[in-house]
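Enquirer: Residue numbers (this note's numbering): 1094 to 1853.
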Amino acid sequence: MQTIVKKLSYFPLTLTLAAVISGCDSNTAEIHWTSYGVPHIKANNYTALGKGLGYVMAQDRACNYLDGIITAKGERAKFLGAGINNANITSDFAYLHLATYQNAKTNFQQLDPRSQALMTGFTKGFNHAVQKNKHYAKECAALVQPIDQYDLYALNQSLNYWAFVEVFLAEIGSAQPTAPSANKRLLNKPDSFLDKMKGSNGWALGKAMTDSGKGMLLSNTHLPHGGKFAWYEAQLTIPDELNVYGSFLPGFVTPALGFNERFAWTHTWTNSTPGSVYTLTPAVDQALAYQYGNQVKPLQANNYQISVKQPNGSLSELSRTLYSSHYGPIIEFTAQGGFVSLKDGASQRSDQTDYWLKLALSQNVDDAIALNELGYRTGSQNIVMSDDQGNTFYADLASVPDLSATAWSIINAVPELRAWGGVLLDGSNPVFEWQQAVPFNQVPQRQSEHYVQNANESPWLVNIENPIVGYSPLYGPSEYPQSPRTRLSVAMLEQFKTSGKKVALGDLQHTMADKRIFQAELVIEDLIQRCQSYDQVQVNDETVNITQACQVLSNWDKKANIDSVGTHIFREYALQFYKIRDLASCNGQCWLTQFDPQDPVNTPAGLPAVSDPTTDLHLVALAKAVIQLNQANIPLNAPLGNIQSLVKGEAKYPIAGGYGDVTGSFSTVADNMSQNPANALTEKGYRINVGDSFIFLAEFTDQGVNGRSVLLYSQSNNPNSPHYFDQAPLIEGAQYKPIRFKQTDILTDEDYRFELVYIK
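So this is what it looks like as structure tokens:
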């Protein structure tokens, strides 16, 4: 293997990029680096393009990939040991039981040949870079091993688990008939705090609203800042074939969101349920078997063996038998002798890789819709798109089960099933069997010349003037109270629409920079009036003086900017409000104006009069917020930028932004999705490593597509790289970097560097 590197401060404009690779074979790729370490990869075929992509990924993100691959293959314990509370052991057995790697090997040959070429090339480029530059992966040296196309595809497919299966991974890897469960924890609804921290925002604006008369897109993803959901920004080009710019998740070989010359798309995580939880009635006369109509079906016993790294570096072998029904893995053996099993819709699909490639090749919204009509789905995301003709489109493309009309009639007639909206099913009744996802003509979808949007709610208010109703309950409810983040999203779009001013790229940038807190806009005046009337609140045995907190809130700008003073008080109040409400109930104390489905943006709103200050939900929540901040030694009058930082390793940078669905912030930041954010505050303040991640804005014009972007945690995970944390300063005021998409913009970038990579 050989790498030819040419580093130039400039590149003659008379020499086109196409000329550089003229005559090159499938072993050669060009890397045109621009500011902030963004690679623009060019090759004359998909294999070479994949090699270039794998090469740059290994330089910047080797550890992300290697860690994700050993997870998908069920080898975490082999390389990292048993883990805390045997977490790696449980994970390995779960992924083996899901047959993630086995299915990847089986299904790889069914992929489009272009996808196969990209993946095969990627692994060659990745291995070459790691072998040549082992220091790239020194933080995960124990994981370094050659990877192949099946490893990469397994990692890609494992990302589909988030929407449904991932919630049950611990049970999938450990459920045993000798340890039956005595509770219904598995069937509890999602934790309310974590649910509020979910997120992404997607806007597509059509020709009736834009200054150019063409389409625009805003993509604001909210994901953890590391691991298998860490974004990477790049451009891929094959002359006269493919030219796409966007962001990649580990395992992806084309962007999961991005744009080409004529078409742009983003996605948001779905609020739907792409799978089913089945309860199974045990057979009367046969152990480890269940009733299925008039039949008795035995559970399938699957024996697995893993290697576990010991403290002295040696390996020991561990075996475990796990069970499956014909639906899928058993996740619980009940104390009553029954079983609980899963069937996942997203895992039934193996063509998502092809879908993302064909989406990148689409020339307009109609091309993309045609793919969906052919059966392509994301598996677990909503799609939001626009094009240069000013068209927009939204659809929930999660693999939602297509239950029969008979099944739904039974669900609606049985209270326990009705309460779960079709997620929990009687697996012993064959009527609840499903074989496919909801057909595309029944998928919630909307086109508009004005806008479509989604902020992780159900499809109902994608466009408030033309709401979507009548979809399967598995996509979520309709005509229900929206999160304050969704309400703000719709409110801002409607303000654009009714202002009479056409929207330009700078307006989208202002949307991201103007850190409004919508929940505060709804209640702050009433909350201030409350705390001015009652300056002391009893919380358990403690009398809390809320005077200073009240004074700070009365002068607060109701935003989450760097210099905002009071954001943290309102945030902690909102967290306490939801905690109290979820543990007890509103009892008429939550809102003055109740939810009205005819006015879903402005309701519910306001606070009711205080009936008893000793038990008033809002006074108690504010007092608990003061206690929380005092315990963390956080001054009540601290500017947000003094106590909230974007963190990466030992580096940190002040960051604006609010707590998404908790406070109604469009721009969402959080401490850690795996922890209850109410307990995440320390004297170090808010250490942000979840939320706003890759953000891009795109505008089609007569001169082509213009865009701006920022990747909050930057391109490289190598602490010695100049691009380890160099984009952090761009987040203040949403001063994003210009996207270098056109050839002339790439070649004239002030930090331009050219690298010719030859990999056999």
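All residues carry an ideal CB built from backbone N, CA and C; glycine is no exception. Here the structure is a predicted model, which means the values were calculated and not measured.
For the segment 1126-1214, which segments carrying the alpha helix (DSSP H) assignment without a break, of at least 4 residues, lie completely within its bounds, in sequence order?
Expert: Runs found: 1139-1165, 1169-1173, 1180-1190 and 1193-1200.
Enquirer: Exposed or buried, Pro1552, counting other C-beta atoms within 10 Å across all chains shown (16 or more means buried)?
Expert: Pro1552 is buried by the Cβ-count criterion.
Enquirer: Which same chain residues end up closer than 6 angstroms to Gly1472 when comparing Cβ atoms and leaving out the 5 residues on each side of it in sequence?
Expert: Closer than 6 angstroms at the Cβ level, and outside the excluded window around Gly1472, lie Asn1253, Ala1439, Arg1442, Gln1445 and Ser1492.
Enquirer: Assuming Val1337 is part of the beta strand (DSSP E), what are its boundary residues?
Expert: Taken as a continuous stretch (DSSP letters only), the beta strand (DSSP E) holding Val1337 covers Leu1335 to Phe1341.
Enquirer: Closest by CA to His1315, which one among Phe1186, Gln1836 and Ser1758?
Expert: The shortest Cα separation from His1315 among Phe1186, Gln1836 and Ser1758 belongs to Ser1758.
Enquirer: Out of curiosity, what's the CA-to-CA distance linking Ile1423 and Gln1721?
Expert: Cα to Cα, the separation comes out at about 41 angstroms.
Enquirer: Helix, strand or coil: which one does DSSP assign to Ile1839?
Expert: DSSP places Ile1839 in helix when its eight states are reduced to three.
Enquirer: Using CA atoms only, rank isn't needed, just tell me which of Leu1204, Ile1781, His1133 and Lys1717 is closest to Asp1634.
Expert: Considering only alpha carbons, the answer is Lys1717.
Enquirer: Under three-state DSSP, which class holds Asn1249?
Expert: Looking at Asn1249 - three-state DSSP - the assignment turns out to be helix.
Enquirer: Beta-carbon separation of Gly1161 and Pro1343 under 8 angstroms?
Expert: Yes, the Cβ-Cβ distance between Gly1161 and Pro1343 is below 8 angstroms.
Enquirer: Could you give the residue range of the beta strand (DSSP E) that holds Gly1797?
Expert: It spans Gly1797 to Leu1804 - the beta strand (DSSP E) in which Gly1797 sits, taken as one unbroken run.
Enquirer: Run the CB neighbour count on Asn1276, radius 10 Å, all protein chains shown included, and call it buried at 16 or more, exposed below.
Expert: Summary for Asn1276: the model assigns pLDDT 45, below 50, so the residue's position carries little reliability, and this model does not support an answer.
Enquirer: Taking the CB atoms as reference points, tell me whether Ala1453 and Asn1353 lie closer together than 8 angstroms.
Expert: Yes, the pair counts as a contact, with Cβ atoms nearer than the cut-off.
Enquirer: Compare the beta carbon distance of Ala1791 and Leu1739 with 8 angstroms and say whether it is the shorter of the two.
Expert: For Ala1791 and Leu1739, no; Cβs fall outside 8 angstroms.
Enquirer: Any heavy atom of the ligand MG inside 7 angstroms of the beta-carbon of Pro1367?
Expert: As presented, the structure is devoid of all ligands, the ligand MG included, so that no description of it is given.
Enquirer: If we count Cβ pairs, one from each stretch, closer than 8 angstroms, do we get three or more for the segment 1365-1372 versus the segment 1518-1525?
Expert: Enough Cβ pairs lie closer than 8 angstroms, so yes.
Enquirer: Have a look at the DSSP bridge pairing and note the partners of Gly1472.
Expert: Answer is Ala1491.
Enquirer: Based on DSSP bridge pairs, tell me the residues matched to Thr1897.
Expert: No statement about residue 1897 is possible, as the shown extent of the chain runs from 1094 to 1853 and does not include it.
Enquirer: Is Cys1679 buried or exposed, if buried means 16 or more other CB atoms sit within 10 Å of its CB?
Expert: Exposed is the call here.
Enquirer: Can you give me the C-alpha to C-alpha distance between Val1583 and Ser1576, rounded to a whole angstrom?
Expert: Taking the straight line from one Cα to the other gives about 11 angstroms.
Enquirer: Determine the DSSP secondary structure at Lys1745, reduced to helix, strand or coil.
Expert: Of the three classes helix, strand and coil, the one that applies to Lys1745 here is strand, per DSSP.
Enquirer: Which term fits Pro1693, buried or exposed, when burial requires 16 or more other beta carbons within 10 angstroms of its beta carbon?
Expert: It counts as buried.
Enquirer: Using the Cα positions of Glu1665 and Pro1732, report the straight-line distance between them to the nearest angstrom.
Expert: If I take the Cα positions, the gap works out to 15 angstroms.
Enquirer: Please identify the residue among Asn1200, Leu1204, Lys1171 and Thr1756 whose C-alpha is closest to the C-alpha of Asn1405.
Expert: It is Lys1171.
Enquirer: Let's test the definition: count the other Cβ atoms within 10 Å of the Cβ of Glu1848 and tell me whether it reaches 16, buried, or not, exposed.
Expert: Glu1848 is buried by the Cβ-count criterion.
Enquirer: Nearest-angstrom Cα distance between Lys1595 and His1543?
Expert: If I take the Cα positions, the gap works out to 11 angstroms.
Enquirer: Can you look up Pro1422 in the DSSP assignment and give me helix, strand or coil?
Expert: If DSSP states are grouped into helix, strand and coil, Pro1422 belongs with the strands.
Enquirer: Using a 10 Å radius around the Cβ and a threshold of 16 neighbouring Cβ atoms, would you call Ser1786 buried or exposed?
Expert: Result: buried.
Enquirer: Strictly by DSSP, which residues pair up with Thr1636?
Expert: For Thr1636, which the question treats as bridged, DSSP gives the partners Gln1631.
Enquirer: Round the Cβ separation of Phe1663 and His1711 to the nearest angstrom and send it over; I've been treating them as touching at under 8 angstroms.
Expert: Their Cβ separation, rounded to whole angstroms, is 11 angstroms, which puts Phe1663 and His1711 out of contact at 8 angstroms.
Enquirer: Quick one: Cα of Pro1391 to Cα of Asn1181, how far?
Expert: For Pro1391 and Asn1181, the distance between alpha carbons rounds to 29 angstroms.
Enquirer: Within 10 angstroms of its Cβ, does Ile1610 collect 16 or more other Cβ (buried), or is it exposed?
Expert: Ile1610 should be labelled buried.
Enquirer: Do you know offhand how far Pro1706's Cα is from Val1562's?
Expert: Computed Cα separation, rounded: 41 angstroms.
Enquirer: Is the beta carbon of His1360 less than 8 angstroms from the beta carbon of Val1477?
Expert: Taking 8 angstroms as the Cβ cut-off, His1360 and Val1477 qualify as a contacting pair.
Enquirer: Between Asp1709 and Gln1687, how many whole angstroms is the CB-CB distance? I'm expecting something under 8 angstroms.
Expert: Contact flag wrong, Cβ pair sits at about 18 angstroms.
Enquirer: Under 8 angstroms: do the segment 1191-1202 and the segment 1828-1837 share three or more Cβ pairs, one atom per stretch?
Expert: Because the criterion of three Cβ pairs below 8 angstroms is not met, the segment 1191-1202 and the segment 1828-1837 do not touch.
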